[in-house]
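S.K.: Have a look at this one.
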Amino acid sequence: MLKEDNRNLILALGLSFLVIVAWNFFYGMPQMNQQRQAQQNQQQAQQPGAAQQGAPTAAPPAATLAPVSEPLPAVLARSPRVKIDTPSIAGSISLAGGRIDDVALKRYRETVDPNSPIIQLLAPSGSPHPFYAEFGWAAAPGASTPTPDANTVWTADSTTLTADKPVTLSWDNGQGLLFSRTIAVDMNAMFTITDKVENKSGAPATLANYALVSRHGTPVTSGYYILHEGLIGVIGEQGLKEVGYSAIEKSRVEQFKAATGGFLGFTDKYWAAAVIPDQASVYDARFSFAQAGAIKTYQTDLLAPPQTVEPGKSTETRTRLFAGAKEVASINDYEKSLGILKFDLMIDWGLFWFITKPLFQLIDWFFRLTGNFGIAILIVTVIVKGVFFPLANKSYASMAKMKAVQPEMVAIRERYPDDKLKQQQELMALYKKEKINPIAGCWPVLLQIPVFFALYKVIFVTIEMRHAPFFGWIKDLSAPDPTSVFNLFGLLPYQVPEFHFLHIGVWPIIMGFSMFLQMKMNPEPTDPIQKTMFSWMPVIFTFMLGTFPAGLVIYWTWNNLLSVTQQGYIMKKNGVKIELFDNLRNLFKKKTPAAKT
218 MLKEDNRNLI
228 LALGLSFLVI
238 VAWNFFYGMP
248 QMNQQRQAQQ
258 NQQQAQQPGA
268 AQQGAPTAAP
278 PAATLAPVSE
288 PLPAVLARSP
298 RVKIDTPSIA
308 GSISLAGGRI
318 DDVALKRYRE
328 TVDPNSPIIQ
338 LLAPSGSPHP
348 FYAEFGWAAA
358 PGASTPTPDA
368 NTVWTADSTT
378 LTADKPVTLS
388 WDNGQGLLFS
398 RTIAVDMNAM
408 FTITDKVENK
418 SGAPATLANY
428 ALVSRHGTPV
438 TSGYYILHEG
448 LIGVIGEQGL
458 KEVGYSAIEK
468 SRVEQFKAAT
478 GGFLGFTDKY
488 WAAAVIPDQA
498 SVYDARFSFA
508 QAGAIKTYQT
518 DLLAPPQTVE
528 PGKSTETRTR
538 LFAGAKEVAS
548 INDYEKSLGI
558 LKFDLMIDWG
568 LFWFITKPLF
578 QLIDWFFRLT
588 GNFGIAILIV
598 TVIVKGVFFP
608 LANKSYASMA
618 KMKAVQPEMV
628 AIRERYPDDK
638 LKQQQELMAL
648 YKKEKINPIA
658 GCWPVLLQIP
668 VFFALYKVIF
678 VTIEMRHAPF
688 FGWIKDLSAP
698 DPTSVFNLFG
708 LLPYQVPEFH
718 FLHIGVWPII
728 MGFSMFLQMK
738 MNPEPTDPIQ
748 KTMFSWMPVI
758 FTFMLGTFPA
768 GLVIYWTWNN
778 LLSVTQQGYI
788 MKKNGVKIEL
798 FDNLRNLFKK
808 KTPAAKT
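Offset between the sequence shown (1-based) and the numbering used here: plus 217.
What follows is the structure in structure tokens.
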């Protein structure tokens, strides 16, 4: 029968094993096939002028899409543009269509190499990965009023848009309507677009303002179920709407009527582009998908109610565009300062958001003190262990009492060897008499599982952790340990193949050793099967954790070492023998052969 001393350890290992298996099954499976498929689906851009998206009252006319693509610089050079130059953004606005379709993020690079290219977020039609925002006016159904479209060439009052100087675009439709668009941008990632129409004709004009974000081709995603990447929006009181690329391909269109407040657009793991209506105005929203041949187009758009502009009058609307990195502080500041409804949901905090968000804030606070996210994680781990210390103390105090009554427990089992029910009744009576809670040790383990998932979420989804170094060879806490035992951690001159279980770096090995020490703190099981399972468990976990983000492996290692120290202190305080040194000695002790009979 399993010793009571090992029950909590087996429970901890079992739950941890379930965590690892669940992570690998749902989140950690190799992504190469999915990425290859996504790359095959990544479509070539349409030719400029061929893809009139029009008003967002109908799906894009997929039949007009043309499978032609050119390098980004060539496409940018083909149309007149207004340069964007801010501390955070480099790019341009196309005067052909008035689209914001060229946004590169100066402060972020594609890899940890400081010389790698900066992130290109938005790109124009005709480039390999079109992704852009468009704003404009739609005429009433059946009206012949010319309105700006993707072919309209606007006139700009400046050649450069900066954080200090907006740009105004203008266009005359030739029938008495003067359209102007003032575009401003802040120091980070928020554009403000003010569209105005002046009616100098002799007849009223009815127009509806719209804004959209369009993406052509299926983008490569990280492919993890715990992270939403795709179409996203908070549609007024209807709340958060998240639709993946494959899901919208099936449904084709999802419409939302008469919403007030919120935003809609596209979210990637670290970046997002979303249009934000006036938070006090009513609008209709839509997610849609269209396909012509192999070319796919995804779109999110909003349409304001029609406005009638009388002769001699004017009207204007204000819409915002967020196009940048999902920095937690910036997202929260925009939500507060601009009153954007639930803008913080742009970041996928997950099921345990009530733990994840405070945990990130705590880690970020210590990062600002130490300058290193890895050290911040270690400090927060100590705090978490301190929070759970009272439960751990009760757990090991219960273990001490269990050891004290061990002879009585053995006697009960020997007294009723074939009556399991009677055994349990007598054991429960003994527990009650001695005031022992047999499940006291479960709570520390159970309560730490959500903390583990929350920390994983923080490391995985927050851009603050992206390319955040630790020490030595760990240049990115959000990526796995780059070393591998199979080339002696880089000493042998060959690259280890990108196979799931071959990337066993230094930190996963240290983690496995820390788990080994933790297991040796308790008496070894007498059952051979259990003993074999315990012996191999650190090895199995080492391989499984090899592909986890390095920050999480470092956390798990540090947590194990703290647990060993904490358990040793509490066991000594409660008079429980610490088995660690005896188990280590027995591991290397030469075994005496059994005597022959």
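We put the CB at the ideal spot given by N, CA and C, even for glycine.
#1: Measure the C-alpha to C-alpha separation of Thr409 and Ala401 and round it to an integer number of angstroms.
#2: Within 10 Å of its beta-carbon, does Pro623 have 16 or more other beta-carbons around it, so buried, or fewer, so exposed?
#3: Kindly indicate the opening and closing residues of the alpha helix (DSSP H) around Asp366.
#4: Met728: buried (16+ other C-beta within 10 angstroms of its C-beta) or exposed?
#5: Whole angstroms is fine: what's the gap from Leu386's alpha carbon to Asp366's?
#6: What residue range does the beta strand (DSSP E) around Asp389 cover?
#7: Hey, how far is the Cα of Trp388 from the Cα of Gln472?
#8: Can you tell me which residues form a DSSP beta bridge with Lys413?
#9: With distances taken Cα to Cα, identify the nearest neighbour of Ser431 among Gln455, His346, Arg398.
#10: If you drop the 5 nearest sequence neighbours on each side, which residues of the same chain put their C-beta closer than 6 Å to that of Ser695?
#11: By Cβ distance below 6 Å, which residues in the same chain neighbour Ile307 in space, the five residues on each side in sequence not counted?
#12: Beta strand (DSSP E) containing Ser431: first to last residue?
#13: Write down the C-beta distance between Val604 and Phe577 rounded to the nearest angstrom, noting that I regard them as a contact closer than 8 Å.
#14: How is Ala262 classed by DSSP in three states: helix, strand or coil?
#15: Apart from the five residues just before and just after Arg503, which ones in its own chain have a Cβ nearer than 6 Å to its Cβ?
#16: Taking all protein chains shown into account, do 16 or more other C-beta atoms lie within 10 angstroms of the C-beta of Thr274, making it buried, or fewer, making it exposed?
#17: How would you write the range of the beta strand (DSSP E) that Trp488 sits in, first residue to last?
#18: Quick one: give me the first and last residue of the alpha helix (DSSP H) that Lys574 is part of.
#19: Can you give the Cα-Cα distance for Lys794 and Asp581, rounded to whole angstroms?
#20: Using the three-state DSSP reduction, which class does Arg298 fall into: helix, strand or coil?
#21: If we count the other Cβ atoms within 10 Å of its Cβ and call it buried at 16 or more, is Trp240 buried or exposed?
#22: Quick check on the burial criterion: 16 or more other C-beta atoms within 10 angstroms. Buried or exposed for Glu351?
#23: Cβ of Leu289 within 8 Å of Cβ of Val370?
#24: Shortest alpha-carbon distance to Ile594 belongs to which of Ser752, Leu644, Tyr772?
#25: Quick check: what's the CA-CA separation for Leu538 versus Ser752?
#26: With a floor of 4 residues, list each alpha helix (DSSP H) that falls wholly inside the region 621 to 655, ordered by position along the chain.
#27: CB Leu562 to CB Val451, shorter than 8 Å?
#28: Check Gly343 in the structure and name its three-state DSSP category.
#29: Once DSSP output is grouped into helix, strand and coil, what is the label at Phe805?
#30: Determine the DSSP secondary structure at Ile795, reduced to helix, strand or coil.
#31: Tell me, please, which residues DSSP counts as bridged to Lys513.
#32: Let's see if you can read the secondary structure: which residues bound the beta strand (DSSP E) around Gln524?
#33: Quick check on the burial criterion: 16 or more other C-beta atoms within 10 angstroms. Buried or exposed for Glu446?
#34: Going by DSSP in three states, Val499 sits in which element: helix, strand or coil?
#35: With which residues is Ala313 paired in a DSSP beta bridge?
#36: Exposed or buried, Ser701, counting other C-beta atoms within 10 Å across all chains shown (16 or more means buried)?
M.R.: To lay it out plainly:
#1: Indexing the sequence shown from 1 puts residue 409 at position 192. Indexing the sequence shown from 1 puts residue 401 at position 184. Distance between the alpha carbons of Thr409 and Ala401: 5 Å.
#2: What you label residue 623 is simply residue 406 of the sequence shown in a count that begins at 1. Checking the sequence, you will find Gln at residue 623 rather than Pro. When all chains shown are included, Gln623 counts as exposed.
#3: Counting from one through the sequence shown, the residue named residue 366 turns up at place 149. Per DSSP, Asp366 belongs to no alpha helix (DSSP H) and is neither H nor E.
#4: As a working note, residue 728 is residue 511 in the sequence shown. Buried, by the Cβ-count rule.
#5: Counting from one through the sequence shown, the residue named residue 386 turns up at place 169. Counting from one through the sequence shown, the residue named residue 366 turns up at place 149. Rounded to whole angstroms, Leu386 to Asp366 spans 14 Å at the Cα level.
#6: One-based indexing of the sequence shown puts residue 389 at position 172. Element bounds for Asp389: 384 to 389.
#7: For the purposes of this step, residue 388 is taken as residue 171 along the sequence shown, with counting starting at 1. For the purposes of this step, residue 472 is taken as residue 255 along the sequence shown, with counting starting at 1. Our two residues, Trp388 and Gln472, have alpha carbons roughly 31 Å apart in a direct line.
#8: By 1-based counting over the sequence shown, the position of residue 413 is 196. BP columns for Lys413 point to Ser397, Glu533.
#9: Translated into positions along the sequence shown, residue 431 becomes position 214. Considering only alpha carbons, the answer is His346.
#10: The residue labelled residue 695 in the question sits at position 478 within the sequence shown. Cβ within range, chain order: Ile676, Met682, Arg683, Pro766.
#11: Here the question's residue 307 lines up with position 90 in the sequence shown. Looking at the sequence shown, residue 307 is not Ile but Ala. Sequence-distant partners of Ala307 (beyond 5 residues in either direction) whose C-beta falls short of 6 Å from its own C-beta, in its chain, are Ala321, Lys323.
#12: Translated into positions along the sequence shown, residue 431 becomes position 214. Annotation for Ser431: the continuous beta strand (DSSP E) segment containing it runs 422 to 433.
#13: Taking the first residue of the sequence shown as 1, we reach residue 604 at position 387. Taking the first residue of the sequence shown as 1, we reach residue 577 at position 360. Incorrect: roughly 16 Å between the Cβ atoms, too far for contact.
#14: To locate residue 262, count along the sequence shown from 1; it is residue 45. Reliability of the predicted coordinates at Ala262 is poor, the pLDDT of 32 falling under 50, and no value is obtained from them.
#15: Residue mapping note: residue 503 aligns to position 286 of the sequence shown, counting from 1. Excluding positions up to five away in sequence, the list reads Gln472, Asp518.
#16: Sequence index remark: in the sequence shown, residue 274 carries index 57 (1-based). Confidence at Thr274 is low in this model, with a pLDDT of 48, below 50, so the placement of that residue should be treated as unreliable; the coordinate-derived value is given next. Classification for Thr274: exposed.
#17: Taking the first residue of the sequence shown as 1, we reach residue 488 at position 271. Unbroken beta strand (DSSP E) run through Trp488: 488 to 493.
#18: Within the sequence shown, numbered from 1, the residue matching residue 574 stands at position 357. Segment 570 to 587, the alpha helix (DSSP H) holding Lys574.
#19: If you number the sequence shown from 1, residue 794 lands on position 577. If you number the sequence shown from 1, residue 581 lands on position 364. When rounded, the distance between both Cα atoms is 40 Å.
#20: Within the sequence shown, numbered from 1, the residue matching residue 298 stands at position 81. Residue state, collapsed to three classes: strand.
#21: Position 23 of the sequence shown, counted from the first residue, corresponds to residue 240. With a pLDDT of only 47 at Trp240, under the threshold of 50, the placement of this residue in the model should not be trusted, and no figure is reported.
#22: Numbered from 1 along the sequence shown, position 134 holds the residue referred to as residue 351. With a threshold of 16 other beta carbon atoms within 10 Å, Glu351 meets it and is buried.
#23: Translated into the one-based positions of the sequence shown, residue 289 becomes position 72. Translated into the one-based positions of the sequence shown, residue 370 becomes position 153. Their beta carbons are not under 8 Å apart, which means Leu289 does not touch Val370 by this criterion.
#24: Counting from 1 along the sequence shown, the entry for residue 594 is found at position 377. Of the candidates Ser752, Leu644, Tyr772, the one whose C-alpha sits nearest the C-alpha of Ile594 is Tyr772.
#25: To locate residue 538, count along the sequence shown from 1; it is residue 321. To locate residue 752, count along the sequence shown from 1; it is residue 535. The C-alpha of Leu538 lies about 56 Å from the C-alpha of Ser752.
#26: Qualifying alpha helix (DSSP H) stretches, in chain order: 623 to 632, 637 to 651.
#27: Along the sequence shown, one-based indexing puts residue 562 at 345. Along the sequence shown, one-based indexing puts residue 451 at 234. The criterion of a C-beta distance shorter than 8 Å is satisfied by Leu562 and Val451.
#28: The count along the sequence shown starts at 1 and reaches residue 343 at position 126. If DSSP states are grouped into helix, strand and coil, Gly343 belongs with coil.
#29: Here residue 805 corresponds to residue number 588 of the sequence shown, with the count starting at 1. Correct three-state label for Phe805: helix.
#30: In the sequence shown, counting from the first residue as 1, residue 795 sits at position 578. Three-state result, Ile795: coil.
#31: The residue labelled residue 513 in the question sits at position 296 within the sequence shown. Lys513 pairs with Gln508.
#32: Mapped onto the sequence shown, residue 524 falls at position 307. Judged by DSSP secondary structure, Gln524 falls within the beta strand (DSSP E) whose first and last residues are 524 to 526.
#33: Start at 1 with the first residue of the sequence shown, and residue 446 comes out as number 229. Glu446 is buried by the Cβ-count criterion.
#34: In the sequence shown, counting from the first residue as 1, residue 499 sits at position 282. When secondary structure is reduced to three states using DSSP, Val499 falls in the strand class.
#35: Locating residue 313 in the sequence shown gives position 96, where the first residue counts as 1. Paired residues: Val370.
#36: Within the sequence shown, the letter at position 484 stands for residue 701. Counting the other CB atoms within 10 Å of its CB gives Ser701 a total of 16 or more, which places it among the buried residues.
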